[in-house]
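Q: Attaching a single structure in structure tokens format; questions to follow.
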Amino acid sequence: MKSFSVLFVLGVLVGSLFSQTINRDVIKWDNSTRPETLNQKADGYRGIWYYNQKLNNEYVYKYSGGLGTYCAKHRPFAVYCKEVDKTFFCYGGRKKDENTLIHMVSYFDHKTHKVPKPTILVDKETTDAHDNPVISVDDKGYIWIFSSSHGTGRPSFIHRSKKPYDIDEFEWILTTNFSYTQPWYLKDKGFLFFHTVYGFVEGVARTSCFMKSADGINWTEPKAIAAIELGHYQISEANETKAGVAFNMHPRPKGLNWRTNLYYMETLDAGETWQTVDGKVLQTPVTAVKNPALIHDYQAEGLNVYLKDISFDSENHPVLLYITSKGFESGPQNDPRTWTTARWNGEEWIIREGMTSDNNYDMGSLYVYENSWRIIGPTETGPQPYNPGGEMALWISHDQGKTWSMEKQLTKNSERNHTYARRPVNAHDDFYAIWADGHGRQPSKSLLYFTDKSGEHVYQLPETMENEMESVKSYKMHER
């Protein structure tokens, strides 16, 4: 296996308003730390249950539940490959008898409507869903799994399938450290990998970074693109001609629970240079709260910003999906949680408010077409109100987010909240979003689901399997 070394340059970053130093010690893991690559088969599909930050109220946690497809800053979880007519996907699973995070890989066969027993890749030795994996497929059909870490206390891994379009056996490629993992494979260019490094810029808790690789084995050094105050959460999207990043800001001294503001920047040359949506060149990392990448000053309005999704429209303009609220705690005191879109129309950002839901961590995906937009997300009140998720719904807008109508409610009368509906890359009509369920206020089992584009059918992945391949059962939950 080829060795990998991560080198960091000490010095002052160009464009900073004050001196900033790269901290080369934050990534302490190297290729001497190799995971046990299990390549075993599980007997069914079971997701991880996780919580973050206990609260002194009836809602128990800041957020919690079945978080196998968490978090919004991890993407993608699924990729459709027309060459074999399969959607490959990964998720954060758990051991059969205990809630320990294991990284799972599988696929849906569109010809047979069957799934195999999922492959157990690695045991992450934690219960923290921040360590969930994401997936990418290169132009030769090799499947890549990026195993994240929550901060620098655990290593992160990259694995690659030994055969194209095959999930039975993976090989370890790299040990390093990255969080909030977003790899994009670009044809003829290789990987453009957005991620977060904790403490990468001195004094910044979460620095937005990216790396590149032509082959997935040899990687460039991480480069910082944003380091404002205490840092950021970011989401990204990439296609053949551009990559865009949207991010919020964690203000001093309060930090991440007061995340606010909305920023966007893009690159037309795979990260060599960065610019605003209207072409103004940016020096990176951006460090000023008010800079040319700022779309809207939500800090001035006292609102938090929770990023959900980003897509490009038919003119290759970005459309952002996010939720605003009055505060981080679960409960009605921070209503409304407003689903909001920001669209660049070629001249200005058009910001429009849409539907509301009852938790900051209600996660949905945005699908942008020339004549319609779609959102699949848990906007409807679930069995655990004001906890993350709820009942899934399909919303459609025919006027670029000015008005929305609920086309279908996808789940109803559920025992557990459904949450984190994720859009596959090149989404096929038969496998259009994948998500998990889980109890919002206490540990529970978590099952996994997907839906078709029409919303007519929701499928539950089999919790237990006797055969190597099994059909998925179709439910019309919205008719219950």
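Using my numbering, count along the sequence shown one by one with no gaps and you end on 515.
Using N, Cα and C, we set each Cβ at its ideal position, and we do this for glycine too.
Does the beta-carbon of R458 have 16 or more other beta-carbons within 10 angstroms, so that it is buried, or is it exposed?
A: On the sequence shown, position 423 is the one that residue 458 refers to. The residue in question, R458, is buried, as its Cβ has 16 or more Cβ neighbours within 10 Å.
Q: Over the uninterrupted beta strand (DSSP E) stretch that includes F205, give me the two end residues.
A: Taking the sequence shown and counting its residues from 1, the one referred to as residue 205 is at position 170. Per DSSP, F205 belongs to the beta strand (DSSP E) from F205 to T211.
Q: Might you give, ordered along the chain, the residues of its own chain that have their beta carbon closer than 6 Å to the beta carbon of I410, omitting 5 neighbours on each side?
A: Against the sequence shown, residue 410 aligns to sequence position 375. Within the same chain, I410 has close Cβ partners G399, L401 and W430.
Q: Out of I137, G127, W64 and N92, point me to the one whose CA is closest to E160's CA.
A: Taking the sequence shown and counting its residues from 1, the one referred to as residue 160 is at position 125. Comparing Cα positions, the closest option is I137.
Q: Taking the beta carbon of L303 as the centre, do at least 16 other beta carbons fall within 10 Å, making it buried, or is it exposed?
A: Sequence index remark: in the sequence shown, residue 303 carries index 268 (1-based). Exposed, by the Cβ-count rule.
Q: Just verifying my parser: in three-state terms, what is the DSSP assignment at P111?
A: The count along the sequence shown starts at 1 and reaches residue 111 at position 76. Of the three classes helix, strand and coil, the one that applies to P111 here is coil, per DSSP.
Q: Counting only the same chain and skipping the five closest in sequence on each side, list residues whose C-beta sits under 7 Å from that of K222.
A: Locating residue 222 in the sequence shown gives position 187, counting from the first residue. Hits under 7 Å: D174 and E275.
Q: Would you mind listing the beta strand (DSSP E) stretches within the stretch 160-226 that are 3+ residues and don't spill past its ends, in chain order?
A: Whole beta strand (DSSP E) segments, 3+ residues: 168-172, 178-182, 191-196, 205-211 and 214-221.
Q: Considering only C-alpha positions, which residue in the set E307, P423, K97 and K443 is nearest to S432?
A: Within the sequence shown, the letter at position 397 stands for residue 432. Cα-wise, what sits closest to S432 is K443.
Q: Check whether the stretch 229-242 and the stretch 293-303 are in contact - that is, three or more C-beta pairs closer than 8 Å.
A: The answer is no - the stretch 293-303 does not touch the stretch 229-242, with fewer than three Cβ pairs under 8 Å.
Q: Take the Cβ of Y404 as the centre, count every other Cβ of all protein chains shown within 10 Å, and call the residue buried at 16 or more, exposed below.
A: The count along the sequence shown starts at 1 and reaches residue 404 at position 369. Exposed, by the Cβ-count rule.
Q: Pull up the distance between the alpha-carbon of K224 and that of A273, whole angstroms please.
A: For the purposes of this step, residue 224 is identified with residue 189 of the sequence shown, where counting begins at 1. For the purposes of this step, residue 273 is identified with residue 238 of the sequence shown, where counting begins at 1. Using only the alpha carbons, I get a separation of about 12 Å.
Q: Would you mind sorting Q217 into buried or exposed? The rule is 16 or more other CB atoms within 10 Å of its CB.
A: Taking the sequence shown and counting its residues from 1, the one referred to as residue 217 is at position 182. By the 10 Å Cβ count, Q217 comes out buried.
Q: Look at the alpha carbon of Y177 and the alpha carbon of S171, and state the distance between them as a whole number of angstroms.
A: One-based indexing of the sequence shown puts residue 177 at position 142. One-based indexing of the sequence shown puts residue 171 at position 136. If you take the alpha carbons of Y177 and S171, they lie about 8 Å apart.
Q: When you compare only the Cα positions, how much space is there between V493 and T454?
A: For the purposes of this step, residue 493 is taken as the residue at position 458 of the sequence shown. For the purposes of this step, residue 454 is taken as the residue at position 419 of the sequence shown. Between V493 and T454, the C-alpha separation is close to 14 Å.
Q: Just the Cα atoms here: how many angstroms apart are Y484 and A428?
A: By one-based count along the sequence shown, residue 484 stands at place 449. By one-based count along the sequence shown, residue 428 stands at place 393. Whole-angstrom Cα-Cα distance: 13 Å.
Q: Based on DSSP bridge pairs, tell me the residues matched to V316.
A: Position 281 of the sequence shown, counted from the first residue, corresponds to residue 316. Answer is Q310.
Q: Flag this pair as touching only if the stretch 327-337 and the stretch 247-254 have three or more C-beta atom pairs under 8 Å; answer yes or no.
A: Verdict: no, contact absent.
Q: Span of the beta strand (DSSP E) holding S365?
A: Within the sequence shown, the letter at position 330 stands for residue 365. Segment: none, S365 is in no beta strand (DSSP E) and carries neither H nor E.
Q: Any idea what DSSP makes of A240, helix, strand or coil?
A: In the sequence shown, counting from the first residue as 1, residue 240 sits at position 205. Coil at A240, not helix or strand.
Q: Would you call G128 buried or exposed, if buried means 16 or more other Cβ atoms sit within 10 Å of its Cβ?
A: For the purposes of this step, residue 128 is identified with residue 93 of the sequence shown, where counting begins at 1. By the 10 Å Cβ count, G128 comes out buried.
Q: List the whole-angstrom C-beta distance separating V114 from V507, where the pair is believed to meet the contact cut-off of C-beta under 8 Å.
A: By one-based count along the sequence shown, residue 114 stands at place 79. By one-based count along the sequence shown, residue 507 stands at place 472. Incorrect: roughly 18 Å between the Cβ atoms, too far for contact.
Q: Using DSSP bridges, identify the partner residues of H145.
A: Within the sequence shown, residue 145 is the residue found at index 110, counting from 1. H145 pairs with nothing; no bridge assigned.
Q: Hey, Y421 and N452: beta-carbon distance below 7 Å or not?
A: Taking the first residue of the sequence shown as position 1, residue 421 is located at position 386. Taking the first residue of the sequence shown as position 1, residue 452 is located at position 417. In this structure, N452 does not lie closer than 7 Å to Y421 by Cβ.
Q: Where does E133 fall in DSSP's three states?
A: Here the question's residue 133 lines up with position 98 in the sequence shown. DSSP places E133 in coil when its eight states are reduced to three.
Q: DSSP three-state call for L291: helix, strand or coil?
A: Here residue 291 refers to the residue found at position 256 of the sequence shown. L291: helix per DSSP, three-state reduction.
Q: Please classify K63 as buried or exposed, where buried requires at least 16 neighbouring CB atoms within 10 angstroms.
A: Counted from its first residue, the sequence shown places residue 63 at position 28. Flag for K63 reads exposed.
Q: Rounded to a whole number of angstroms, what is the C-alpha to C-alpha distance between E501 and G103?
A: Walking along the sequence shown from the start, residue 501 turns up at place 466. Walking along the sequence shown from the start, residue 103 turns up at place 68. Going from the Cα of E501 to the Cα of G103 covers about 22 Å.
Q: For a minimum of 4 consecutive residues, which ranges assigned as the alpha helix (DSSP H) are wholly contained in the stretch 424-487?
A: None, since the stretch 424-487 contains no complete alpha helix (DSSP H) of that length.
Q: Please classify S99 as buried or exposed, where buried requires at least 16 neighbouring CB atoms within 10 angstroms.
A: Residue 99 sits at position 64 when you count from the first residue of the sequence shown. Buried is the call here.
Q: Which word fits R69, buried or exposed, when buried means at least 16 other C-beta atoms lie within 10 angstroms of its C-beta?
A: By 1-based counting over the sequence shown, the position of residue 69 is 34. Exposed.
Q: For my contact list, L261 and S243 are in at a C-beta cut-off of 8 Å; report their separation, rounded to the angstrom.
A: One-based indexing of the sequence shown puts residue 261 at position 226. One-based indexing of the sequence shown puts residue 243 at position 208. The amino acid occupying residue 261 in the given sequence is Ala; Leu does not appear at that position. Between S243 and A261 the Cβ distance is about 4 Å, and since that is below 8 Å, they are a contact.
Q: Ends of the beta strand (DSSP E) at F347?
A: Reading the sequence shown from its first residue, position 312 is the one you call residue 347. F347 -> beta strand (DSSP E) spans N339 to F347.
Q: Whose C-beta lies closer than 8 Å to the C-beta of S481 among residues of the same chain, with five residues either side of it excluded?
A: The sequence position of residue 481 within the sequence shown is 446, counting from 1. Cβ neighbours of S481 beyond the five flanking positions: R81, G82, I83, W84, G100, G101, L102, G103, R129, R451, A471, D472 and G473.
Q: Per DSSP, what kind of secondary structure is E301 in: helix, strand or coil?
A: Your numbering for residue 301 matches position 266 in the sequence shown. If DSSP states are grouped into helix, strand and coil, E301 belongs with the strands.
Q: State the beta-bridge partners of K539 as determined by DSSP.
A: Given a span of 36 to 515 for the chain in the structure shown, any question on residue 539 remains unanswerable.
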